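Enquirer: Would you mind keeping the following structure in view while I ask a few things?
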Amino acid sequence: MKKDKKAVILFSGGLDSTTVLYYALSKGYKCSCLMFDYGQKHNKELKSAVKIAKTVKVKYSIIKINFPWSNDALTNKNKSVPVHKVLPKTIPPTYVPGRNTLFLSYALSVAQSINAQVIFIGVNAIDFSNYPDCAPNFIKAYNSVLKALKTKITVQTPLLKLNKAQIIKLGAKLNVPYKNTWTCYNSYKKPCMKCDSCKLRAKGFKEAKFNDPAIA
Ligand SMILES: [Zn+2]
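Note that my numbering has the sequence shown beginning at 5, numbered continuously upward.
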């Protein structure tokens with residue numbers, strides 16, 4: 005009997021991870037999504053994630069983790085999300101230390117338990133916020149961790165070398181419901197269009213020559 009292709013998807017409900025989910029489904033993977041409630045200042049992205057997971061009828065779990073020591077602009081309520089004229093070349097204050105390392109470790113634990121062969125994560129290193137845990141050398145290193153743990157699981161990053169416009173074009177082909185994705189670091193009714201995340205998304209839609217259905 006042919007073994008099921010199974011994957012664990014690190015899924016936030018944002019543009020990138022939603023594209024990755026649709027990509028994995030298009031490749032025939034039976035997907036289990038992991039979402040994280042890690043004390044983000046708002047849960048809009050998480051709500052989007054649940055809505056999308058239900059739409060495509062995949063299994064999902066919401067894992068609650070705590071960063072009681074948090075000192076970053078996404079989880080510390082006393083810190084505001086910065087507005088940059090130009091995207092920073094250094095690690096920005098929205099970087100949550102260790103976040104993807106923790107997420108990948110949860111994914112590894114799930115993948116090993118359910119016999120999934122692949123962990124998908126929607127990191128990309130072209131139009132990104134300069135987070136070190138999204139960079140190619142980090143992913144390579146994490147794959148070495150998986151090997152050292154004597155697993156055959158691999159972390160796959162289909163978006164790693166794509167710019168935002170290419171990601172959006174790929175998603176459009178896969179019918180990704182971008183209207184339901186939430187990218188903004190803030191939690192206003194509409195995306196703020198000022199934070200780094202909104203700016204990267206807007207740049208991508210402009211370069212891809214599509215209108216962003218989420219801001220229509
Ligand atoms: Zn924003």
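Note that beta-carbon positions come from the ideal geometry of N, C-alpha and C, so glycine has one too.
Since the structure is predicted, the reported quantities are computational estimates derived from the model, not experimental observations.
Give, in chain order, every unbroken run of the alpha helix (DSSP H) that is at least 4 residues long and sits entirely within the segment 129–181.
Expert: The segment 129–181 contains these whole alpha helix (DSSP H) runs: 140–152, 168–177.
Enquirer: Does the segment 114–124 come close enough to the segment 155–166 to have 3 or more Cβ pairs within less than 8 angstroms?
Expert: Taking 8 angstroms as the limit for Cβ pairs, the verdict is that the segment 155–166 does touch the segment 114–124.
Enquirer: With a cut-off of 8 angstroms, do at least 3 Cβ pairs link the segment 14–22 to the segment 46–65?
Expert: Judged by Cβ distances under 8 angstroms, the segment 14–22 makes contact with the segment 46–65, as three or more pairs qualify.
Enquirer: Measure from the alpha carbon of lysine 144 to the alpha carbon of each residue in Asn80, Phe71, Lys81, Thr161, then state which is nearest.
Expert: Within the sequence shown, the letter at position 140 stands for residue 144. The shortest C-alpha separation from lysine 144 is found at Thr161.
Enquirer: Buried or exposed: which applies to tyrosine 33, given that a residue is buried once 16 or more other Cβ atoms fall within 10 Å of its Cβ?
Expert: Locating residue 33 in the sequence shown gives position 29, where the first residue counts as 1. It is buried - the Cβ of tyrosine 33 has at least 16 other Cβ atoms within 10 Å.
Enquirer: Within 10 angstroms of the Cβ of proline 136, are there 16 or more other Cβ atoms? Answer buried if so, exposed if not.
Expert: Here residue 136 is taken as the residue at index 132 of the sequence shown, counted from 1. With fewer than 16 Cβ atoms within 10 Å of its Cβ, proline 136 is classed as exposed.
Enquirer: Between Gln170, Phe132, Ala218, Tyr99, which lies nearest to leucine 91 when the distance is taken from Cα to Cα?
Expert: Position 87 of the sequence shown, counted from the first residue, corresponds to residue 91. For leucine 91, the nearest C-alpha among the options comes from Phe132.
Enquirer: Report whether the distance from the Cβ of asparagine 47 to the nearest heavy atom of ligand 1 is below 6 angstroms.
Expert: Counted from its first residue, the sequence shown places residue 47 at position 43. No; taking the cut-off as 6 angstroms, the Cβ of asparagine 47 has no heavy atom of ligand 1 nearer than that.
Enquirer: Given a cut-off of 7 angstroms on the beta-carbon distance, is the pair valine 180 and threonine 22 in contact?
Expert: What you label residue 180 is simply residue 176 of the sequence shown in a count that begins at 1. What you label residue 22 is simply residue 18 of the sequence shown in a count that begins at 1. It is a contact, given that the beta carbons lie within the stated cut-off.
Enquirer: So does tyrosine 192 have its beta carbon nearer than 6 angstroms to some heavy atom of ligand 1?
Expert: The residue you call residue 192 lines up with position 188 of the sequence shown. Checking the Cβ of tyrosine 192 against ligand 1 gives no.
Enquirer: Verify whether the separation of the beta carbon atoms of isoleucine 69 and tyrosine 27 is less than 7 angstroms.
Expert: Translated into the one-based positions of the sequence shown, residue 69 becomes position 65. Translated into the one-based positions of the sequence shown, residue 27 becomes position 23. In this structure, tyrosine 27 does not lie closer than 7 angstroms to isoleucine 69 by Cβ.
Enquirer: How far does the beta strand (DSSP E) with glycine 122 in it extend, from its first residue to its last?
Expert: Your numbering for residue 122 matches position 118 in the sequence shown. The sequence shown places valine at residue 122, rather than the glycine named in the question. 122–124 is the span of the beta strand (DSSP E), which, as asked, contains valine 122.
Enquirer: Taking the continuous beta strand (DSSP E) assigned at serine 2, which residues delimit it?
Expert: The requested residue 2 is not part of the displayed model; the chain covers only 5 to 220.
Enquirer: Nearer than 6 angstroms: is that true of the beta carbon of tyrosine 189 relative to any heavy atom of ligand 1?
Expert: Within the sequence shown, residue 189 is the residue found at index 185, counting from 1. Yes, the beta carbon of tyrosine 189 sits closer than 6 angstroms to at least one heavy atom of ligand 1.
Enquirer: I need the DSSP call for alanine 218, collapsed to helix, strand or coil.
Expert: To locate residue 218, count along the sequence shown from 1; it is residue 214. Of the three classes helix, strand and coil, the one that applies to alanine 218 here is helix, per DSSP.
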